[in-house]
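Peer 1: There's a structure below that I have some questions on.
There are 4 protein chains.
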Amino acid sequence: MSGSVFGKNIKMSTWGESHGKALGVVVDGFPAGMELDISDIQKFLDRRKPGTSPATTPRKEDDAVDILSGVFEGKTTGTPISLIVKNTSQRSQDYSEIAQYYRPGHADFGFDEKYGFRDYRGGGRSSGRETIGRVAAGAICSKLLNEMGIKVMAFTRAIGDVEIDEKKFDEKNILLTPTAMPDAEADKRAMELISKCKEEMDSVGGVVECRVTGLPAGVGEPVFDKLDAVIAHAVMSIGAVKAVEIGDGTRVSKYHGSENNDEFVMSDSSVEKRTNHAGGILGGISDGSEIVIRAYFKPTPSIAKTQNTVNKSGENIQVSIHGRHDPVVVPRAVVVVESMCALCTLDLLMSNMLSKAENIIGFYKK
Amino acid sequence: MSGSVFGKNIKMSTWGESHGKALGVVVDGFPAGMELDISDIQKFLDRRKPGTSPATTPRKEDDAVDILSGVFEGKTTGTPISLIVKNTSQRSQDYSEIAQYYRPGHADFGFDEKYGFRDYRGGGRSSGRETIGRVAAGAICSKLLNEMGIKVMAFTRAIGDVEIDEKKFDEKNILLTPTAMPDAEADKRAMELISKCKEEMDSVGGVVECRVTGLPAGVGEPVFDKLDAVIAHAVMSIGAVKAVEIGDGTRVSKYHGSENNDEFVMSDSSVEKRTNHAGGILGGISDGSEIVIRAYFKPTPSIAKTQNTVNKSGENIQVSIHGRHDPVVVPRAVVVVESMCALCTLDLLMSNMLSKAENIIGFYKK
Amino acid sequence: MSGSVFGKNIKMSTWGESHGKALGVVVDGFPAGMELDISDIQKFLDRRKPGTSPATTPRKEDDAVDILSGVFEGKTTGTPISLIVKNTSQRSQDYSEIAQYYRPGHADFGFDEKYGFRDYRGGGRSSGRETIGRVAAGAICSKLLNEMGIKVMAFTRAIGDVEIDEKKFDEKNILLTPTAMPDAEADKRAMELISKCKEEMDSVGGVVECRVTGLPAGVGEPVFDKLDAVIAHAVMSIGAVKAVEIGDGTRVSKYHGSENNDEFVMSDSSVEKRTNHAGGILGGISDGSEIVIRAYFKPTPSIAKTQNTVNKSGENIQVSIHGRHDPVVVPRAVVVVESMCALCTLDLLMSNMLSKAENIIGFYKK
Amino acid sequence: MSGSVFGKNIKMSTWGESHGKALGVVVDGFPAGMELDISDIQKFLDRRKPGTSPATTPRKEDDAVDILSGVFEGKTTGTPISLIVKNTSQRSQDYSEIAQYYRPGHADFGFDEKYGFRDYRGGGRSSGRETIGRVAAGAICSKLLNEMGIKVMAFTRAIGDVEIDEKKFDEKNILLTPTAMPDAEADKRAMELISKCKEEMDSVGGVVECRVTGLPAGVGEPVFDKLDAVIAHAVMSIGAVKAVEIGDGTRVSKYHGSENNDEFVMSDSSVEKRTNHAGGILGGISDGSEIVIRAYFKPTPSIAKTQNTVNKSGENIQVSIHGRHDPVVVPRAVVVVESMCALCTLDLLMSNMLSKAENIIGFYKK
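Chains as they are written, first to last, in my numbering: chain A, 2 to 367; chain B, 2 to 367; chain C, 2 to 367; chain D, 2 to 367.
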């Protein structure tokens with residue numbers, strides 16, 4: 002099995018290591034005729050760029066994207082869209098020491114067992130920089146969804162024990178606060194928590210929430226390719242995610258049926274739900290209400306605090322991992338979650354067009 | 002996209018509706034030469050059979066499996082294994098009324114929007130009976146894993162707010178208690194809760210946990226086909242699951258890095274971890290310790306309590322769903338979770354054999 | 002890799018051995034709402050049934066198909082369609098001797114090398130009976146194509162050196178002649194050739210041609226999933242096929258560009274081609290004219306004539322393969338070729354609906 | 002369905018248009034630890050480079066490849082290998098006129114019907130330059146096959162009616178003659194034919210043959226992913242190919258079984274075949290003898306001779322296509338066929354390792 006290709010109707014193949022020459026993605030199966038400008042993609046990549054606030058690593062990464070194929074005279078052509086970001090600020094010398102031991106919380110040991118060796122520079126393929134390709138692909142998918150009136154929007158729900166207050170939710174804050182929280186007050190408290198973590202040479206986890214609005218009912222395939230199952234795959238595949246939930250998520254395990262069921266009601270001759278415990282998905286198929294996804298991120302494993310571990314010679318050693326690491330990955334991961342959800346939504350939206358024989362007959366009879 | 006085929010090296014194609022003639026699965030890509038007896042599969046199916054305790058529906062389903070292909074003289078042949086279970090006790094008349102309205106918490110509305118109509122008998126393809134094929138396939142995968150010393154074992158962790166006590170964990174109870182809880186005391190309390198739900202014509206949710214032991218390090222593909230991502234896909238695709246977590250799961254979002262990182266340590270010249278917050282997976286690749294997965298199930302949506310909903314004529318109505326429904330799906334879902342985890346584990350274990358050039362050269366040079 | 006699943010939007014999973022309990026197919030991804038009766042499928046299977054003429058084996062196989070899922074109240078539901086044919090007339094004792102040696106022209110040796118052993122009864126999975134699942138799936142795909150005015154029709158073009166004369170082409174003969182030739186005179190000569198082969202305890206090869214009419218331009222994906230590439234895969238995967246050609250096929254290698262190029266011309270304000278050397282496919286995409294595919298079949302390898310071979314003990318031996326074998330597979334293979342071409346055409350027709358952004362936006366905006 | 006990703010264990014995603022910024026490929030799933038130098042790939046690309054003889058276009062294309070990821074310290078890492086070739090000599094002005102009409106023998110009309118418009122510069126995605134990615138991927142696969150003693154070698158079998166004489170077959174000529182023919186005399190006659198074509202402003206077709214030696218028996222999956230079926234898909238997906246055959250190919254349709262069957266014989270305690278009409282594949286599985294594949298190419302459709310066609314305004318017009326076109330594509334296509342065959346062979350070789358349960362158990366028990 003190959004592990005760097007994702008999607009069915011739209012396939013994205015990501016490639017690149019943290020300290021290689023470049024990273025990128027090939028997006029195959031994207032439909033023709035959508036206007037696409039480099040700035041559509043760049044603005045997504047800028048949201049995952051570090052160095053813009055104290056919440057992130059001081060590393061500077063320009064991450065300027067280039068479109069190498071699949072766009073002609075400003076429009077997608079229906080053929081593979083190849084996107085590339087060159088690595089410019091990588092300092093490989095930071096990592097030479099790491100080659101000799103297994104960093105706690107990292108994939109180093111697994112990689113060595115799997116492949117016999119690894120590109121140890123900055124995590125290589127398991128670096129957070131791997132997500133550049135995902136975000137570039139997500140930007141394109143988001144744009145097409147927008148043209149259909151479907152909006153995918155992620156934000157930071159919590160950092161450590163600081164959670165947003167729904168009553169203070171202000172969407173525009175997502176792009177303005179350093180934590181990507183929609184609640185400016187929670188953002189302040191979260192920034193204080195992050196400062197404290199940095200002082201303590203430690204890191205902290207958090208929660209990203211993603212909401213999809215405007216999605217019609219009927220999207221998602223009934224058994225293995227349920228909308229929530231495909232999204233769970235996509236979101237759990239983001240490096241530091243340890244849990245994924247839909248709607249009320251883990252809480253439903255304590256509910257009674259009469260609490261959890263969302264009652265249907267007619268509203269202006271359309272079917273709606275009074276509540277949305279289900280997070281917009283029933284039996285794996287969208288029900289026309291808002292889709293709600295939450296991803297739980299672990300704290301950044303690279304910390305300067307002293308830790309015990311072992312080296313490749315089989316000795317117990319102590320390490321302190323220096324370098325320019327994010328004290329929390331969540332603010333930069335927001336756009337990654339959003340990108341993965343956009344890709345899955347578009348992919349299943351396309352599949353859904355093929356669900357009825359009459360749609361196919363109608364398409365070709367016209 | 003088709004939604005009823007899952008897996009890469011081993012593909013299972015499930016088929017069948019709740020009240021159709023039969024349900025089944027075709028397992029393609031399963032390796033040749035493993036001894037396989039019908040009882041290996043039947044004992045898995047018996048674990049999801051209803052009617053054996055007050056925790057489940059009084060419906061009687063024999064669910065006797067037959068092997069139609071892929072086994073010759075007691076051994077798998079390497080060609081597709083076709084397994085079938087005939088429907089015998091289905092009473093379609095129970096469901097005629099349901100055809101006219103959308104049951105809250107069910108996929109009825111989504112199905113109608115997607116396909117234009119639906120097989121309304123007992124949920125059709127979105128019935129829990131759809132999992133028969135999954136469990137039959139899982140039984141076969143489990144057997145091969147066992148022959149390698151790898152064990153996949155799921156159990157009920159919680160029903161409603163009744164959770165097991167790890168100190169009272171006794172593995173043999175899993176197959177003995179009506180709730181599939183390994184803690185006999187918790188089981189009793191859970192049974193009381195279930196009784197109360199039934200009296201109140203209501204239902205309740207719960208949590209299934211699955212553990213994989215004996216899995217070597219190196220299994221899982223680094224980017225999209227991470228071990229946890231593939232498992233999240235598989236487990237979230239089970240009807241009533243609303244959240245999936247690995248290791249400490251949602252809790253990690255509140256941890257600091259120094260708490261969450263599992264330190265490596267040498268033990269008898271092998272690399273081990275002192276703790277297992279990670280649930281045995283780092284960067285999507287197994288690290289040699291126990292894999293821990295949890296699935297959160299919503300309460301059974303079919304309840305006899307009166308609920309508001311709408312019918313196909315667009316009228317607001319009140320319904321009370323009678324029929325022989327489980328007050329909680331969790332005890333019967335345990336083996337479904339176990340089956341999906343077994344399939345994913347075996348599939349990625351097979352992929353991992355292809356990770357090193359020297360393995361391939363070595364195989365063909367011998 | 003698993004080898005018994007084919008298709009992308011529509012996936013067919015075939016299963017079953019020549020002398021197992023049954024054979025069948027699961028068709029996943031077929032759209033909902035098409036009327037489907039068992040007779041739609043049975044009439045296709047009857048075309049591959051032996052025992053109806055001197056051109057085929059005297060074995061009697063009823064091959065009665067049953068629909069186990071995916072059809073409700075006479076219509077496809079959009080969920081997997083499971084089709085089964087029970088084995089009834091198989092006589093396993095015919096084959097006990099074969100287990101000990103490698104039949105020339107058969108896959109016996111490859112199977113043993115690959116899997117360590119094989120189901121030797123009647124060829125097991127490599128038997129021509131494997132195609133039952135393909136034909137059952139093809140019947141369904143053909144029906145939907147017909148509803149769009151697209152017709153897939155295969156026939157016997159040649160048996161040995163007896164080829165049809167285009168001027169005597171009469172379509173209705175395809176279903177009437179024992180050879181499935183549209184030219185009744187060629188059919189007579191072919192039947193004489195077959196008689197002679199039987200007398201000489203020998204067999205003969207032949208050519209099946211398939212034509213697809215009514216297919217709009219634009220079907221096929223430009224690079225690897227070209228319409229002709231996918232068809233070549235599908236047709237070459239039929240047991241005895243050794244060559245596949247499109248349009249003028251092998252002959253084009255001797256043409257000049259000025260001969261081979263089909264000139265475009267306006268006809269009633271639509272673009273047409275004056276000639277069709279290309280067989281309706283340019284650059285892998287349909288051009289609106291008739292699709293022409295030819296499959297070249299080798300002679301049946303099972304012959305009663307004495308042959309040299311080796312046995313499993315590594316001894317050189319002589320064998321004479323008795324049993325009820327077709328002296329030529331072509332007449333029964335016609336419907337297999339037609340079925341595979343129908344599946345590929347429908348699959349790519351569905352993909353093509355997703356080629357333009359405006360189609361997707363239009364579908365969801367309505 | 003997306004059309005620019007091919008392979009199962011090893012997936013190659015090609016991208017790029019004739020006159021875009023660059024072309025390339027991402028190879029995912031390639032095993033770790035193989036030494037790989039840029040020259041291993043460049044030497045393959047140089048074989049498809051034009052401008053080196055009168056048999057090819059006078060265009061100069063440097064086609065210098067760069068490795069952007071997946072190789073570390075001279076070895077493959079097991080993660081995606083991204084390869085890029087920048088476009089340097091493209092002159093877009095040559096093609097402005099072409100935008101307005103449909104070139105006979107080209108995919109222009111199909112592209113417009115499918116996507117609504119096309120990148121008309123030099124054929125865009127349907128240009129022969131698309132094969133750059135295939136050849137770069139094939140070079141890598143070939144290298145790993147070589148390390149196992151498996152050799153994939155293609156050559157020009159015929160150009161127009163000039164065919165090689167097997168008795169004059171000298172392998173080293175393949176890389177020395179301008180036509181890539183192994184028979185130097187045939188090469189001379191072929192060059193004369195090509196000259197004549199150029200004078201007449203015409204083009205000609207030809208045949209490429211590919212042989213795989215050293216492949217063990219057992220490779221190929223029995224039903225849809227037969228070795229020959231996957232190769233037929235891969236080879237037919239090369240732009241100008243109109244027929245693919247295995248072994249004696251089309252000729253077998255006229256054979257009797259007694260002629261066509263290859264008898265097995267013991268030779269030094271290993272099973273061999275006396276003849277090889279089957280081209281090394283029986284029932285889709287390799288039998289241990291040489292694999293023989295032939296691809297029939299049509300003449301280059303771009304010719305300077307006057308042709309009739311239609312333009313986008315629906316007018317009948319006459320055109321003469323100028324530009325620097327190959328009078329025959331075959332010599333440059335040799336390495337493309339070889340590359341596709343190498344990829345398929347390696348992909349199925351990897352699958353075959355997973356055929357027996359004992360292989361998997363043995364791998365993990367060690």
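Each residue gets a CB set at the ideal place from its N, CA and C atoms; glycine is no exception.
From the DSSP secondary-structure annotation, give me the bridge partner or partners of residue 38 (chain D).
Peer 2: Counted from its first residue, the fourth sequence places residue 38 (chain D) at position 37. In DSSP, residue 38 (chain D) forms no bridge with anything.
Peer 1: Would the beta-carbon of residue 218 (chain C) fall within 7 Å of that of residue 341 (chain C)?
Peer 2: Here residue 218 (chain C) is taken as the residue at index 217 of the third sequence, counted from 1. Here residue 341 (chain C) is taken as the residue at index 340 of the third sequence, counted from 1. Result no, Cβ atoms of residue 218 (chain C) and residue 341 (chain C) do not sit closer than 7 Å.
Peer 1: Confirm, please, whether the CB-CB distance from residue 196 (chain D) to residue 284 (chain C) is below 7 Å.
Peer 2: Against the third sequence, residue 284 (chain C) aligns to sequence position 283. Against the fourth sequence, residue 196 (chain D) aligns to sequence position 195. No.
Peer 1: Looking at chain C, is there any beta carbon in it that lies within less than 7 Å of the beta carbon of residue 308 (chain D)?
Peer 2: Start at 1 with the first residue of the fourth sequence, and residue 308 (chain D) comes out as number 307. Closer than 7 Å: yes.
Peer 1: Cβ closer than 7 Å: which chain C residues qualify as neighbours of residue 33 (chain B)?
Peer 2: Working through the second sequence from its first residue, we reach residue 33 (chain B) at position 32. What residue 33 (chain B) touches in chain C: 116, 117.
Peer 1: Quick one: does residue 126 (chain B) have its CB under 7 Å from some CB of chain C?
Peer 2: Counted from its first residue, the second sequence places residue 126 (chain B) at position 125. So yes, residue 126 (chain B) belongs to the interface.
Peer 1: Taking CB distances under 7 Å as the criterion, tell me whether residue 355 (chain D) reaches chain B.
Peer 2: For the purposes of this step, residue 355 (chain D) is identified with residue 354 of the fourth sequence, where counting begins at 1. So yes, residue 355 (chain D) belongs to the interface.
Peer 1: What is the DSSP secondary structure of residue 88 (chain D), reduced to helix, strand or coil?
Peer 2: Along the fourth sequence, read from residue 1 onward, the residue named residue 88 (chain D) stands at position 87. Reduced to three states, the DSSP call for residue 88 (chain D) is coil.
Peer 1: The ligand GDP and residue 121 (chain C): does any heavy atom of the ligand fall closer than 6 Å to the residue's C-beta?
Peer 2: Of the ligands one can find in the structure shown there are none, so the ligand GDP has no counterpart to examine.
Peer 1: Measure the alpha-carbon distance for residue 306 (chain A) versus residue 224 (chain B) and round it to whole angstroms.
Peer 2: Along the first sequence, one-based indexing puts residue 306 (chain A) at 305. Along the second sequence, one-based indexing puts residue 224 (chain B) at 223. In a straight line, the C-alpha of residue 306 (chain A) is about 28 Å away from that of residue 224 (chain B).
Peer 1: Which runs of the alpha helix (DSSP H) spanning at least 4 residues fall entirely within the region 174–204 of chain B, listed in chain order?
Peer 2: Runs of the alpha helix (DSSP H) inside the region 174–204 of chain B: 174–177, 185–200.
Peer 1: Taking residue 1 (chain B) as the reference, which of A:183, A:321, A:27, A:274 has the closest Cα?
Peer 2: Within the shown structure, residues of chain B are numbered from 2 to 367, placing residue 1 (chain B) beyond reach of any answer.
Peer 1: Between the region 274–293 of chain A and chain B, which residues of the former have CB atoms less than 9 Å from a CB of the latter, in chain order?
Peer 2: So the close ones are 274, 275, 278, 279, 280, 282, 283, 284, 285, 286, 287, 288, 289.
Peer 1: Please confirm whether residue 250 (chain C) has its beta-carbon closer than 7 Å to some beta-carbon of chain D.
Peer 2: As a position in the third sequence, residue 250 (chain C) is number 249, starting the count at 1. Yes, residue 250 (chain C) counts as interfacial toward chain D.
Peer 1: So which residues of chain D does residue 18 (chain A) contact, with C-beta pairs closer than 9 Å?
Peer 2: Working through the first sequence from its first residue, we reach residue 18 (chain A) at position 17. The contacting residues are 70, 71, 73, 78, 80.
Peer 1: In chain B, which residues lie less than 8 Å from residue 265 (chain A) when you measure between Cβ atoms?
Peer 2: As a first step, residue 265 (chain A) must be located in the first sequence, where it is residue number 264. 103, 105, 110, 309, 310, 311, listed in chain order.
Peer 1: By how many angstroms is the C-alpha of residue 123 (chain A) removed from the C-alpha of residue 97 (chain A)?
Peer 2: Locating residue 97 (chain A) in the first sequence gives position 96, counting from the first residue. Locating residue 123 (chain A) in the first sequence gives position 122, counting from the first residue. Roughly 9 Å between the two C-alpha positions.
Peer 1: Alpha carbon to alpha carbon, how far is residue 115 (chain B) from residue 327 (chain A)?
Peer 2: Here residue 115 (chain B) is taken as the residue at index 114 of the second sequence, counted from 1. Here residue 327 (chain A) is taken as the residue at index 326 of the first sequence, counted from 1. Cα to Cα, the separation comes out at about 43 Å.
Peer 1: Suppose you measure from the CA of residue 188 (chain C) to the CA of residue 181 (chain C); what does that come to, to the nearest Å?
Peer 2: Reading the third sequence from its first residue, position 187 is the one you call residue 188 (chain C). Reading the third sequence from its first residue, position 180 is the one you call residue 181 (chain C). One C-alpha to the other measures close to 8 Å.
Peer 1: Terminal residues of the continuous alpha helix (DSSP H) containing residue 333 (chain A)?
Peer 2: By 1-based counting over the first sequence, the position of residue 333 (chain A) is 332. Start and end: 331–353.
Peer 1: With residue 265 (chain A) as the anchor, note down where its beta strand (DSSP E) starts and where it stops.
Peer 2: Locating residue 265 (chain A) in the first sequence gives position 264, counting from the first residue. Where residue 265 (chain A) is concerned, the enclosing beta strand (DSSP E) stretches over 265–268.
Peer 1: Nearest CA to the CA of residue 183 (chain B): which residue from B:202, B:14, B:211?
Peer 2: In the second sequence, residue 183 (chain B) corresponds to position 182, counting from 1. Ranking the options by Cα distance to residue 183 (chain B), first place goes to B:211.
Peer 1: With 16 other CB atoms within 10 Å as the buried threshold, where does residue 137 (chain C) fall?
Peer 2: Here residue 137 (chain C) is taken as the residue at index 136 of the third sequence, counted from 1. It counts as buried.
Peer 1: Can you list, in chain order, the stretches of the beta strand (DSSP E) that have 3 or more residues and sit fully within the region 88–174 of chain D?
Peer 2: Entirely contained in the region 88–174 of chain D, the beta strand (DSSP E) runs reaching 3 residues are, in chain order, 152–160.
Peer 1: Any residues in the region 230–243 of chain A with a beta carbon nearer than 9 Å to a beta carbon of chain B? Which ones, in chain order?
Peer 2: Listed by position, the residues of the region 230–243 of chain A near chain B (Cβ gap below 9 Å) are 230, 231, 232, 233, 234, 235, 236, 237, 238, 239, 240, 241, 242, 243.
Peer 1: Are the region 135–154 of chain A and the region 200–214 of chain A touching by the rule of at least three beta carbon pairs closer than 8 Å?
Peer 2: Yes, the region 135–154 of chain A touches the region 200–214 of chain A.
Peer 1: Going by DSSP in three states, residue 278 (chain B) sits in which element: helix, strand or coil?
Peer 2: Numbered from its first residue, the second sequence carries residue 278 (chain B) at position 277. Here residue 278 (chain B) sits in coil by DSSP.
Peer 1: Would you identify the three-state DSSP class for residue 260 (chain B), choosing helix, strand or coil?
Peer 2: Indexing the second sequence from 1 puts residue 260 (chain B) at position 259. Correct three-state label for residue 260 (chain B): helix.
Peer 1: If you draw a straight line from the C-alpha of residue 87 (chain D) to the C-alpha of residue 21 (chain D), how long is it?
Peer 2: On the fourth sequence, residue 87 (chain D) is found 86 positions in, with the first residue counted as 1. On the fourth sequence, residue 21 (chain D) is found 20 positions in, with the first residue counted as 1. Rounded to the nearest angstrom, the two C-alpha atoms are 9 Å apart.
Peer 1: Considering just the uninterrupted stretch of the beta strand (DSSP E) at residue 207 (chain D), what are its terminal residues?
Peer 2: Taking the fourth sequence and counting its residues from 1, the one referred to as residue 207 (chain D) is at position 206. From DSSP, the beta strand (DSSP E) with residue 207 (chain D) extends over 207–214.
Peer 1: Among residues of its own chain, excluding the 5 on either side of residue 239 (chain C), which ones have a beta-carbon nearer than 6 Å to its beta-carbon?
Peer 2: Counting from one through the third sequence, the residue named residue 239 (chain C) turns up at place 238. The residues are 337.
Peer 1: Can you look up residue 254 (chain C) in the DSSP assignment and give me helix, strand or coil?
Peer 2: Stepping through the third sequence from its first residue, residue 254 (chain C) is reached at position 253. The answer is helix: DSSP assigns residue 254 (chain C) an H, G or I state.
Peer 1: According to DSSP, is residue 6 (chain D) part of a helix, a strand, or is it coil?
Peer 2: Taking the first residue of the fourth sequence as position 1, residue 6 (chain D) is located at position 5. Strand.
Peer 1: Between which two residues does the alpha helix (DSSP H) harbouring residue 232 (chain C) extend?
Peer 2: Locating residue 232 (chain C) in the third sequence gives position 231, counting from the first residue. Note, residue 232 (chain C): alpha helix (DSSP H), 228–237.
Peer 1: So residue 72 (chain C) packs on residue 85 (chain C), CB below 8 Å; how close in whole Å?
Peer 2: Start at 1 with the first residue of the third sequence, and residue 72 (chain C) comes out as number 71. Start at 1 with the first residue of the third sequence, and residue 85 (chain C) comes out as number 84. Not really, about 13 Å apart at Cβ, beyond 8 Å.
Peer 1: Residue 361 (chain A) by DSSP, collapsed to three states: which one?
Peer 2: Residue numbering aside, residue 361 (chain A) sits at position 360 when the first sequence is read from its first letter. Residue 361 (chain A) falls in the helix class under three-state DSSP.
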